[in-house]
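Q:
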Amino acid sequence: MVIMETENGRDYMNIVVQNLGFNYPNGKSIFNNLNFTINKSKVLSILGPNGVGKTTLLGCIARLYLPSQGDVFFDGKSYLSMTQCEIAQNIGYVPQIIVPAFNYSVIDYIVTGCAPSMKVFQKPKKEEYDRAWCAVKKLKLEHIAHKSIMQISGGERQQAAIARVITQKPSFILLDEPASHLDMGNQMKLLEILNDLAQEDYGIVMTTHNPDHVFILDDQVAVLRDEGNLISGKSRDILNEEFLYGLYGSKIKVLNIKELGRMACIAQGIL
Numbered sequence: 001m002v003i004m005e006t007e008n009g010r011d012y013m014n015i016v017v018q019n020l021g022f023n024y025p026n027g028k029s030i031f032n033n034l035n036f037t038i039n040k041s042k043v044l045s046i047l048g049p050n051g052v053g054k055t056t057l058l059g060c061i062a063r064l065y066l067p068s069q070g071d072v073f074f075d076g077k078s079y080l081s082m083t084q085c086e087i088a089q090n091i092g093y094v095p096q097i098i099v100p101a102f103n104y105s106v107i108d109y110i111v112t113g114c115a116p117s118m119k120v121f122q123k124p125k126k127e128e129y130d131r132a133w134c135a136v137k138k139l140k141l142e143h144i145a146h147k148s149i150m151q152i153s154g155g156e157r158q159q160a161a162i163a164r165v166i167t168q169k170p171s172f173i174l175l176d177e178p179a180s181h182l183d184m185g186n187q188m189k190l191l192e193i194l195n196d197l198a199q200e201d202y203g204i205v206m207t208t209h210n211p212d213h214v215f216i217l218d219d220q221v222a223v224l225r226d227e228g229n230l231i232s233g234k235s236r237d238i239l240n241e242e243f244l245y246g247l248y249g250s251k252i253k254v255l256n257i258k259e260l261g262r263m264a265c266i267a268q269g270i271l
């Protein structure tokens, strides 16, 4: 269980998922004995069909749910021994559906990401708002910063939620199907944001139904299957046509598009 590794002479943190399993209260097993590593400066896409437990797995990593077996280690420490505040200082979580508790302005919503580093009942001051504005500028959200969080589009709210997590200053950002309610343009903007964050040394984990998004990011993938087991590695090494047919039961072409400089998934037409 060594968590600090060295790459090109530089130490970096990672999260190690070890023998992780989750059962429903009725005893039904969703997944078991899952083992994989989440590295900083990387994007890990958790891929799989409906109902295999992708959201539950992400929730276990964020300690929203307690696993039935196994553990998750952050920087050499079991997260079962960490306080919720310690976890929030290191791991940021963006749910699939963003439902703010109050009708904040966007900037006031984003500044709530500072809460894990603030004292109880402390109000945000200039330092916290400066952090929030840095995140606003990073995601180019100045034009909506003073609008109501309830009155912006779903794509804008998703980006505001990511800005809020950046303000939190975690080492890792977990996102549950962040592209599921976005149009094509906002999906591409989101993937570009996630790629940029990884280059800035964040560790990014997202769940997705779309294998083409995995190819666009061209990084790591962990595939959760119906049997409750998982296979992980480089996306281009795992996601071939035979594998995707076994995963989804549909014929999907995997092509190397030279004009795009990447692999791509294309569903075959309906005849």
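Residue numbers for the sequence shown follow UniProt numbering, beginning at 1 and rising by one.
Ideal Cβ placement from N, Cα and C applies to all residues, glycine included.
On a predicted model such as this, the values are computed, not experimentally measured, just so you know.
Quickly, what does DSSP pair Asn71 with across the bridge? List them, please.
A: Start at 1 with the first residue of the sequence shown, and residue 71 comes out as number 71. Here residue 71 turns out to be Asp, not Asn, going by the sequence shown. Asp71 is bridged to Gln18.
Q: Alpha helix (DSSP H) containing Ile193: first to last residue?
A: Here the question's residue 193 lines up with position 193 in the sequence shown. Element bounds for Ile193: 184-199.
Q: Going by C-alpha distance, which of Met263, Gln268, Glu259, Tyr104 is nearest Tyr245?
A: The count along the sequence shown starts at 1 and reaches residue 245 at position 245. Here the closest residue by C-alpha is Gln268.
Q: Hey, quick one: how far does the beta strand (DSSP E) through Thr83 stretch, first residue to last?
A: In the sequence shown, residue 83 corresponds to position 83, counting from 1. Thr83 -> no beta strand (DSSP E), and no H or E assigned at all.
Q: Flag this pair as yes or no: are the beta carbons of Leu44 and Ile38 separated by less than 7 Å?
A: In the sequence shown, counting from the first residue as 1, residue 44 sits at position 44. In the sequence shown, counting from the first residue as 1, residue 38 sits at position 38. Closer than 7 Å, so yes.
Q: Hey, which unbroken runs of the beta strand (DSSP E) at 3 residues or more fall wholly within the region 88-130?
A: 91-94
Q: Distance, Cα to Cα, Arg164 vs Met188?
A: For this step, residue 164 is matched to residue 164 along the sequence shown. For this step, residue 188 is matched to residue 188 along the sequence shown. Straight-line spacing of the CA atoms in Arg164 and Met188 works out to 20 Å.
Q: What are the start and end residues of each continuous alpha helix (DSSP H) run of 4 or more residues lying completely inside the region 128-178, in chain order?
A: 154-168
Q: Decide if the region 67-87 is in contact with the region 253-263; the criterion is three or more beta carbon pairs, one per stretch, under 8 Å apart.
A: no
Q: Should Lys119 be labelled buried (16 or more other beta-carbon atoms within 10 Å of its own) or exposed?
A: By 1-based counting over the sequence shown, the position of residue 119 is 119. Exposed is the call here.
Q: Does the pairing of the region 212-220 with the region 58-74 give three or more beta-carbon distances under 8 Å?
A: no
Q: When the Cβ atoms of the region 190-201 are set against those of the region 54-63, are three or more pairs found closer than 8 Å?
A: no
Q: Does the beta-carbon distance from Cys265 to Asp226 come in below 7 Å?
A: The count along the sequence shown starts at 1 and reaches residue 265 at position 265. The count along the sequence shown starts at 1 and reaches residue 226 at position 226. No, these two residues do not count as a Cβ contact at 7 Å.
Q: Within 8 Å, do at least three Cβ pairs link the region 197-208 to the region 230-237?
A: They do not touch, by the three-pair rule.
Q: Which residues in the same chain have their Cβ closer than 8 Å to the Cβ of Met1, if we skip the five residues on either side of it in sequence?
A: The sequence position of residue 1 within the sequence shown is 1, counting from 1. For Met1, the pLDDT reaches just 38, beneath the cut-off of 50, and the residue's location in the model is therefore unreliable, although a value from the coordinates is still provided. The residues are Val16, Gln18, Phe73, Gly76.
Q: Is the CB-CB distance between Ile144 and Glu156 below 7 Å?
A: Taking the sequence shown and counting its residues from 1, one reaches residue 144 at position 144. Taking the sequence shown and counting its residues from 1, one reaches residue 156 at position 156. Taking 7 Å as the Cβ cut-off, Ile144 and Glu156 qualify as a contacting pair.
Q: Please name the residue in Pro124, Lys40, Ile204 whose C-alpha comes closest to that of Asn14.
A: What you label residue 14 is simply residue 14 of the sequence shown in a count that begins at 1. Answer by Cα proximity: Lys40.
Q: Give me the Cα-Cα distance between Asn32 and Gln220, rounded to the nearest whole angstrom.
A: Walking along the sequence shown from the start, residue 32 turns up at place 32. Walking along the sequence shown from the start, residue 220 turns up at place 220. One C-alpha to the other measures close to 21 Å.
Q: In this structure, does DSSP put residue 330 in helix, strand or coil?
A: In the structure as shown, the chain begins at 1 and stops at 271. Residue 330 is therefore absent and cannot be evaluated.
Q: Using only alpha-carbon positions, find the residue among Thr55, Glu86, Cys114, Leu247 that is nearest to Ile97.
A: Locating residue 97 in the sequence shown gives position 97, where the first residue counts as 1. If we check each option's Cα against that of Ile97, Thr55 comes out closest.
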